[in-house]
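Just below is one structure, and these are the notes that go with it.
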Amino acid sequence: MNLPQDGGGGFIDEPQAAEMSTSWMIEVEDLTKRYGGHTAIDELCFKVARGEIVGFLGPNGAGKSTTMRILSSFMPATSGTARVGGFDVFHEPDEVRRRIGYMPENNPLHTDMRVREYLKFRARLKGLLGGRARDRVDVVLGQCGLEEVSGKVIGHLSKGYRQRVGLADALVHEPELIILDEPTIGLDPNQIRSVRQLIKDLSVKHTVLLSTHILPEVEMTCSRVLILNQGKILAADTTLNLQRMVSGGGQVVAEIAAPERDLRACWEGSPEVLEFNLSPMDGDYIRCALTPRDGVDLRPVVFDLTVKHGWKLRDLGRNRHSLEDIFVHLTRATREEEEG
Amino acid sequence: MRIFLTLLRRELGGYFASFSGYVVIASVQLLLGLSFYSLVSVLNQEGSETPLAEFFYETLYFWLILLMATPVITMRTFALEKYSGTYETLMTAPVGDVPVVLAKFLGALGFYMVMWTPLFGCLWVIRQLTGDPTALESGTAAGTVLGILLLGCVYISLGCFASSLTHSQIIAAMTSFAVGVGLYLLSFLAPSVSTLPGWFPKVLKQMSMMEHMREFVRGVVDTRHVVYYLSITVFFLFLNCKAVESRRWK
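And the structure:
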């Protein structure tokens, strides 16, 4: 399988790329970070366009947080360059910091402060003046659903609310880029849903880079995924393309009640079907897994055939691979490559 | 500058919002009260020619407060932020290293000076009781305040530096306490080696904290002492800035 190894050209068409070359929000080239003898990230290359929500996906220790810390100019890389909004993260850290809203892993907050007081402190720290700081704090309090707890001490809030305070902090100075490191970790399902919705809403105005090791999260929130393992990018593409890549172009599964012989003859005779696999089920039903030729959608074909032969059809669907499959597939592929 | 003031306000506010701030104030109050009691009992037995401020300074309490309180005040400055992770949000805001170091230092110093205010209440009460206006002249009082401030600068900057080296408040406090006591004990080393030839005893005598402080409580402000305290402070602040910057070297 031919996977795009760098994020640069794999997912945006060339003319589009040329047009957008001036508006990359993040440009990372050959970024490497070593701690002692350990290489946390290894010659990372990727680009993020303005307005995208990009998910950084990888197991723990893949190098997600390290990359985010470098992008937020908290620490420098060992080699390579990273630019945010056209500014170098090492040489122009103040320009970069003004343009990003960063929520580190575990969302650290001053637990002794009250919500409004904390956000006002952060807004001023990020250079907003008195009246403007107050206005922005009011806006983000509303945006993140924090009005009712604005007077409470942060240490007394539930984890879900704290997470929202962290998000509000990242948003308060209207940054162009928002970097969120594991924004939904440790939340209950309801809280996760509301935080995800919040992140989705942000994409209207901001570019978002978020990291997670929870696969459905990227699937639900991100327009594009960068899969990271052991400090390297394994794949970078839209969730849809990644699915297509692994599922081999939309396998269709149908459960049909018909004699196996007839079915076999039928699929063999059909030009759209490249491969098929039959397995008997309960009753007369047989499960047919059909791989199409040239990525054709086989569902209407199957339906027409069953109608024509008068067979009973009880289930028809395209086999949609989850990111989990893609992830396992990719990480296994690299492991086999290494061992081989 | 505005960002610096925001940071400074947060630092000072942090002391008054935290439990440890009040524990420090309460403990210092207790020690000041004890020293006040011993002062009054000494004065009740016999009259003395020594000015009140110097009287107080000669007791062990002054040094006990200085050596014990400063590590406790400063231990949180960097270590707590590093421990809780807020250091990362702080250092990814558009703020330079130097304003952060200065705001933390001045915040701690401000709290330290607030902590000393009851002392002047005590001295004022004694002056009222003795009915002798020369017991505490404004000159000696100002000298004492300046001395306390400058000594505070040294010990607070030392504490902030120690705090910037670690994630643990306990380790920060222990380090600054050990180094602080070491600096203080140099004062006792100086007389015992004064008979030795060469430059060593002279250097030790110049480094003696107590020697420098004694002049201040007499109301004598000698620039040599001011320069001495300030240069140690600047030295520790410089180390502190480098320690903050060091995350960029790794």
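Protein sequences, first through last, are from chains A and B.
Under the working numbering, the residues of the first sequence are numbered 7 to 346, in order.
Under the working numbering, the residues of the second sequence are numbered 150 to 399, in order.
No residue lacks a Cβ here, since even glycine has one placed at the ideal position from N, Cα and C.
Run of the alpha helix (DSSP H) containing residue i, from where it starts to where it stops
{"i": "A/E101", "result": "99 to 105"}
{"i": "A/A242", "result": "Segment 238 to 244 is the beta strand (DSSP E) holding A/A242; no alpha helix (DSSP H) there."}
{"i": "B/P340", "result": "318 to 341"}
{"i": "B/E360", "result": "358 to 366"}
{"i": "A/G275", "result": "266 to 275"}
{"i": "A/A174", "result": "165 to 177"}
{"i": "B/W212", "result": "209 to 223"}
{"i": "A/L135", "result": "Note, A/L135: premise wrong, no alpha helix (DSSP H); not H, not E."}
{"i": "B/T374", "result": "Sequence check: residue 374 of chain B is His here, not Thr. It spans 372 to 394 - the alpha helix (DSSP H) in which B/H374 sits, taken as one unbroken run."}
{"i": "A/V224", "result": "221 to 227"}
{"i": "B/E237", "result": "235 to 240"}
{"i": "B/E160", "result": "151 to 166"}
Endpoints, beta strand (DSSP E) assigned at residue i
{"i": "B/K253", "result": "Not the beta strand (DSSP E): B/K253 falls in the alpha helix (DSSP H), residues 246 to 279."}
{"i": "A/S217", "result": "213 to 218"}
{"i": "A/E154", "result": "Here A/E154 belongs to no beta strand (DSSP E), and DSSP marks it neither H nor E."}
{"i": "A/L5", "result": "Because chain A in this structure spans residues 7 to 346, residue 5 of chain A falls outside the shown range and cannot be described."}
Beta-carbon contacts of residue i that lie in its chain and below 8 Å, excluding the five residues immediately before and after
{"i": "B/L353", "result": "L335, L338, A339, V342"}
{"i": "A/T244", "result": "F17, S229, R230, V231"}
{"i": "A/L147", "result": "V121, R122, L125, E153, S156, A174"}
{"i": "B/A218", "result": "V173, S176, V177, Y261, M264"}
{"i": "A/A176", "result": "G107, Y108, M109, I184, I185, L186"}
Residue i versus the options, residue with shortest Cα-Cα distance
{"i": "B/W273", "options": "B/F260, B/L192, B/A290", "result": "B/A290"}
{"i": "A/H116", "options": "A/M226, A/V313, A/S79, A/L163", "result": "A/L163"}
{"i": "A/V224", "options": "A/L186, A/M31, A/F62", "result": "A/F62"}
{"i": "A/I184", "options": "A/E98, A/I191, A/L204", "result": "A/L204"}
{"i": "A/R75", "options": "B/A166, B/T238, B/L229", "result": "B/T238"}
{"i": "A/S78", "options": "A/G192, A/G107, A/G133, A/K314", "result": "A/G107"}
{"i": "B/F165", "options": "B/V263, B/G347, B/L386", "result": "B/V263"}
{"i": "A/Y167", "options": "A/S29, A/E281, A/A241, A/G192", "result": "A/G192"}
{"i": "B/I369", "options": "B/F211, B/P346, B/F349, B/E286", "result": "The sequence shown places Val at residue 369 of chain B, not Ile. Closest option to B/V369, Cα to Cα, is B/E286."}
{"i": "A/D288", "options": "A/E182, A/A139, A/R320", "result": "A/R320"}
{"i": "B/F384", "options": "B/V244, B/T279, B/V303, B/V294", "result": "B/V303"}
{"i": "A/T84", "options": "A/E101, A/F282, A/N196, A/L37", "result": "A/L37"}
{"i": "B/T241", "options": "A/G64, A/H44, A/E35, A/G133", "result": "A/G133"}
{"i": "A/N112", "options": "B/Y232, B/A252, B/T155, B/R373", "result": "B/Y232"}
{"i": "A/N247", "options": "A/E180, A/V210, A/H97, A/I332", "result": "A/I332"}
{"i": "A/T213", "options": "A/K53, A/Y41, A/G43, A/H44", "result": "A/K53"}
Straight-line Cα distance separating residue j from residue i
{"i": "A/C294", "j": "A/I262", "result": "8 Å"}
{"i": "B/H316", "j": "B/T324", "result": "13 Å"}
{"i": "A/G92", "j": "A/C51", "result": "15 Å"}
{"i": "A/A110", "j": "A/D187", "result": "According to the sequence as given, residue 110 of chain A is Pro; it is not Ala. Spanning the two alpha carbons is a distance of roughly 5 Å."}
{"i": "B/L379", "j": "B/I214", "result": "21 Å"}
{"i": "B/V173", "j": "A/I160", "result": "24 Å"}
{"i": "B/R396", "j": "A/P82", "result": "8 Å"}
{"i": "A/G86", "j": "A/V302", "result": "43 Å"}
{"i": "A/V143", "j": "A/A129", "result": "7 Å"}
{"i": "A/V334", "j": "A/P222", "result": "14 Å"}
{"i": "B/Q194", "j": "B/L157", "result": "46 Å"}
{"i": "B/L332", "j": "B/T208", "result": "18 Å"}
{"i": "B/S167", "j": "A/I59", "result": "39 Å"}
{"i": "A/T190", "j": "A/A242", "result": "22 Å"}
{"i": "A/E266", "j": "A/D300", "result": "26 Å"}
{"i": "B/G170", "j": "B/M358", "result": "26 Å"}
{"i": "A/M226", "j": "A/F309", "result": "30 Å"}
{"i": "B/E394", "j": "B/T226", "result": "16 Å"}
{"i": "B/P267", "j": "B/L181", "result": "8 Å"}
{"i": "A/D207", "j": "A/G151", "result": "13 Å"}
Same chain, Cβ closer than 7 Å to residue i, neighbours up to 5 away in sequence not counted
{"i": "B/W265", "result": "I297"}
{"i": "B/M356", "result": "L335"}
{"i": "A/T72", "result": "K39, A46, I47"}
{"i": "B/A322", "result": "P220, V221, M224"}
{"i": "A/R305", "result": "V258, L322, R324"}
{"i": "B/L295", "result": "F365, V370"}
{"i": "B/V375", "result": "L299"}
For residue i: DSSP bridge partner residues
{"i": "A/E33", "result": "A/K53, A/R89"}
{"i": "A/V259", "result": "A/A295, A/G323"}
{"i": "A/G232", "result": "First, the residue type needs correcting, since residue 232 of chain A is Leu and not Gly in the sequence shown. Bridge partners of A/L232: A/F62, A/A242."}
{"i": "A/H116", "result": "Its beta-bridge partners do not exist; DSSP assigns none."}
{"i": "A/M109", "result": "A/L186"}
{"i": "A/H315", "result": "Its beta-bridge partners do not exist; DSSP assigns none."}
{"i": "A/I47", "result": "A/K39"}
{"i": "A/D207", "result": "According to DSSP, A/D207 bridges with nothing at all."}
6 Å CB neighbourhood of residue i in its chain, flanking five on each side removed
{"i": "B/N389", "result": "V250, C309, F310, S313"}
{"i": "B/F326", "result": "P220"}
{"i": "A/S27", "result": "Low per-residue confidence applies at A/S27: pLDDT is 45, beneath 50, and the placement is therefore not dependable enough to give any value."}
{"i": "A/S209", "result": "I59"}
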